[in-house]
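One structure is given here, and the rest of the page talks about it.
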Amino acid sequence: MRYITLFVVLAAVGIWLFKESEQAAAPVAFSEKGEPGPDMRPSEWEWLRRTSPYGNADAEAFQKEFQRARQMRATAKPMAVQAVEFAGPSNIGGRIVDIEFNPQDPTIVYAAAATGGVFKSTDTGNTWFPIFDEVAILTIGDICVDPANPDIIYVGTGEANGGHNNMPGGGLYKSTDAGATWQLMGLENTVSIGRVRVNPLNTQEVFVAAQGSYFAPNPDRGLYHSTDGGATWDNIFFISDSTGATDLIIDPANPQRMIVAMWERVRYPEFGTHLYGETSGLYRTTDGGANWTELSGGLPNPDATNVGRIGLDIYAANPDIAYAIYTNGSNISGLFKTTNFGDSWTNVDPDDELSNGTGGFSWYFGQVRVHPTNPDMVYVLDVAFMRSVNGGANWPIIYGYGGPNILHVDHHALAFHPTNPDYILNGNDGGINISTDGGVNFTKVADLPVNQFYEIGLDRNNPERLYGGTQDNGTLRTLTGATDDWTRIFGGDGFYVIVDHSNPNIIYAESQNGNLGKSTNGGASFFGATSGISGRTNWSTPVVMDPVNSSILYYGSDRVWKTTNGASSWTAVSPVLHNATPGSRLGTVTTIGVSPALTSVVWAGTDDGKVWVTADGGSNWTNTSTGLPNRWVTRVIAHPVDEATAYATFNGLRWKEAEAKVMRTTNLGASWEDITANLPEAPVNAFAVFTDDNFRTYLFAGSDLGAYYSVDDGLSW
0 MRYITLFVVL AAVGIWLFKE SEQAAAPVAF SEKGEPGPDM RPSEWEWLRR
50 TSPYGNADAE AFQKEFQRAR QMRATAKPMA VQAVEFAGPS NIGGRIVDIE
100 FNPQDPTIVY AAAATGGVFK STDTGNTWFP IFDEVAILTI GDICVDPANP
150 DIIYVGTGEA NGGHNNMPGG GLYKSTDAGA TWQLMGLENT VSIGRVRVNP
200 LNTQEVFVAA QGSYFAPNPD RGLYHSTDGG ATWDNIFFIS DSTGATDLII
250 DPANPQRMIV AMWERVRYPE FGTHLYGETS GLYRTTDGGA NWTELSGGLP
300 NPDATNVGRI GLDIYAANPD IAYAIYTNGS NISGLFKTTN FGDSWTNVDP
350 DDELSNGTGG FSWYFGQVRV HPTNPDMVYV LDVAFMRSVN GGANWPIIYG
400 YGGPNILHVD HHALAFHPTN PDYILNGNDG GINISTDGGV NFTKVADLPV
450 NQFYEIGLDR NNPERLYGGT QDNGTLRTLT GATDDWTRIF GGDGFYVIVD
500 HSNPNIIYAE SQNGNLGKST NGGASFFGAT SGISGRTNWS TPVVMDPVNS
550 SILYYGSDRV WKTTNGASSW TAVSPVLHNA TPGSRLGTVT TIGVSPALTS
600 VVWAGTDDGK VWVTADGGSN WTNTSTGLPN RWVTRVIAHP VDEATAYATF
650 NGLRWKEAEA KVMRTTNLGA SWEDITANLP EAPVNAFAVF TDDNFRTYLF
700 AGSDLGAYYS VDDGLSW
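Counting from 0, one number per residue, gives the positions in the sequence shown under numbering that gives the first Met the number 0.
Spelled out as structure tokens, the structure:
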């Protein structure tokens, strides 16, 4: 049986298999080399390829396309191929950004994944099932369960942790039936939502802390207020288009009193990042948001020191007590406590003991929690999980990775059981853990399938052996095809992975920026495999293997490289293939495709919209870009039996006018035809072509809005 493995970026959690299909080529990676783009990170990469060359996108247009995609799905005919099935992994988790209990029925818990949507548990967090998959936006910032009516749930989309792999969201969603159905409540242009709060005394009053875009000034930042359950919104606190609201606490006894944390932070894809600023700080209102005052009394002065992200928590039993964790653009700069709701503050960690649990990027976390029945039991979430039982005077529990408590690093969420607060759920970059003793010991629960896959591959001779490159968790694989026995074989952030089709003990695996490794012992160990390669590389650098001769591979930097000896050495076989200006973050090859019908035909696409082809294995190249959209090329896939036919797919969220997402040539690029047809206008990230025994062609396209197939060569989807 032949397989196609098709991955949909931002829409897939775990790997899904389309049975009865095919598509060759898999990619690779290892140690540092080349000239990666200046400080290119996952979120810049995602944002750049979705907005280039305009640098912006139309959020409302995307929502319209999302609605059209839902209508297509509702009326879709059954697939001609066999059913899609989950392939894993179920034993390796991903980043959890928030966890919330139902305050009236604590057996019900909700968890938010960075790019996997929202999950629900009905057994106090031991097992989970997804409840947000019908929504196009699966990147989550925060969950809020209405304390008075827990069937009402709000989900703020767009991860607000400020990390390099955070993805933009598309507004606030609301459920009135405990997650069975969802409705968009607006705020689409806020991009990332850090906190959602409901007035505990008035279920119609909702507050949303909007951090805004991480990549450009954004006027939709600040604190939003609704008095009608989210039907309409007013921005009640705005500082600037570079400063967003990232956290909020409300006095449960007097909801007119609130403190909001503001964070000045913008990461420019072309110019770098600032992680702190003079407008970062805490601001308080005592009249429900009509007037705000910046708090000082004992807090760091943003005019004199670096003030970055700030996290907040309130001790509900005595709401005069609150904690604020300050960061300075790198590490924690203090944990501050107030006993008078912000009039004055004391640094309860003056000896900087918390720095033992940080890693130089504390702005990625910015979370503090106080035990519901003990104001001196405080938890700080950072690279490590840290707990103090004496109000922060010392921190005897600092759990990093491994050890008897089996805690993954990088902690973002902590939730307390409403009636048994020593029962806590911890969310980190590796999933969810349960403690029944207030955080002294932890047990790992079943992992949610929320890994962020960049690329997948398989062993063509043993197709049950699946491989994938993931964010944070490296290159993973299963040797049995089971969902629960995946293991990591290569570190870093994983990208292309290729199994030699003539010798499955030879495996190529890749980490970020084209760091390619080769294994000759089935993945037990790897050595560097980029000897001779130079030039600028993409965050996801393409590597493909000749489908006939496994000693031949192609690698893309700012040009195409070729090896004929299994990566022992490489030779540049193309000129520079892009037209990017010096200093730009563009200027790399993004995809390479080798024709299975005639392997001397090789295609290459670039991040500035160019598609090139060679018919002689790389000696001569032709620019075939005339008539193609000026967008980032995501794939060029050669037809499996017709060497003159190929398909090019393009990224790009809509900005002004509609643009093609799938193009086809039948004459080696002399001309191209738009076969986007009725596909939703959304980035197409993955593509596959399959021909059956009767030479009928089947096309598969993976986009931000789902997976689509065509049985008429792109006339309809």
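C-beta atoms are modelled at their ideal positions from N, C-alpha and C, and glycine is treated no differently.
7 angstroms Cβ cutoff met for G93 and V449: yes
Coarse secondary structure for Q70, derived from DSSP in three states: helix
Endpoints, the beta strand (DSSP E) within which H407 is located: First-last for H407: undefined, no H or E at that position.
Helix, strand or coil at T562 according to DSSP, with G and I counted as helix: strand
C-alpha distance - Q22 paired with V496, whole-angstrom precision: With a pLDDT of only 30 at Q22, under 50, the local geometry of the prediction cannot be trusted, and no value is derived from it.
As assigned by DSSP and simplified to three states, the class of A28: Confidence in A28 is poor, its pLDDT being 33 and thus under 50, which makes the residue's placement unreliable; the coordinate value appears in the next sentence. A28 falls in the strand class under three-state DSSP.
Stretch-stretch touch, CB-based, cutoff 8 angstroms, three pairs: the segment 128–140 with the segment 453–473: no
Among R653, F649, D607, W602, nearest to A643 - alpha-carbon criterion: W602
First and last residue of the uninterrupted beta strand (DSSP E) at K336: 331–337
Cut-off 6 angstroms between Cβ atoms - residues of its own chain near F237, not counting five sequence neighbours on either side: G221
Element boundaries [beta strand (DSSP E), containing K655]: Segment: none, K655 is in no beta strand (DSSP E) and carries neither H nor E.
Length of the line joining the Cα atoms of V683 and D703: 7 angstroms
Residues near A252 by beta carbon distance below 8 angstroms, same chain, minus five either side: P318
Best match in D233, G592, V575 for proximity to L585 [C-alpha to C-alpha]: V575
Inter-residue spacing [alpha-carbon to alpha-carbon] between N479 and R464: Reading the sequence as shown, one finds Thr at residue 479 and not Asn. One C-alpha to the other measures close to 6 angstroms.
Proximity to S594 [Cα-Cα], best of V83, V610, V635: V635
With 16 other Cβ atoms within 10 Å as the buried cut-off, status of P216: exposed
Exposure label - L274; buried when at least 16 CB within 10 Å: buried
M376, enclosing beta strand (DSSP E) - first and last residue: 373–380
Residue of S549, A571, S539 minimising C-alpha distance to G531: A571
Close beta carbons around V367, own chain, < 8 angstroms, minus the five adjacent residues each side: G310, L311, D312, Y322, A323, I324, L334, V377, Y378, V379, L380
Inside the segment 573–659 only - beta strand (DSSP E) runs reaching at least 3 residues: 588–593, 601–605, 610–613, 632–637, 645–649
Beta-carbon contacts of P783 that lie in its chain and below 6 angstroms, excluding the five residues immediately before and after: Given a span of 0 to 716 for the chain in the structure shown, any question on residue 783 remains unanswerable.
Given 8 angstroms, three or more beta-carbon pairs between the segment 342–353 and the segment 223–235: no
Assigned secondary structure, A571 (DSSP; H/G/I helix, E/B strand, else coil): strand
Per DSSP, cross-strand counterpart(s) of Q182: K173
Identity of the residue in N201, A60, V661, L424 nearest A110 by Cα: L424
Validate contact between the segment 505–521 and the segment 535–542 using beta carbons, cut 8 angstroms, 3 pairs: yes
Buried/exposed call for G713, threshold 16 Cβ in 10 Å: buried
Reference G390, options S434, D375, T665, N234, closest by Cα: D375
Contact under 7 angstroms by Cβ, E680 with R653: yes
Which listed residue (A177, I320, I674, V640) has its alpha carbon closest to that of G626: I674
Limits of the unbroken beta strand (DSSP E) element including E263: 257–263
Top-ranked residue by Cα proximity to N330, from T529, E352, T338: E352
Residues near D711 by beta carbon distance below 6 angstroms, same chain, minus five either side: none
Local Cβ density within 10 Å of T718, reported as buried at 16 or more and exposed below that: Within the shown structure, residues of the chain are numbered from 0 to 716, placing residue 718 beyond reach of any answer.
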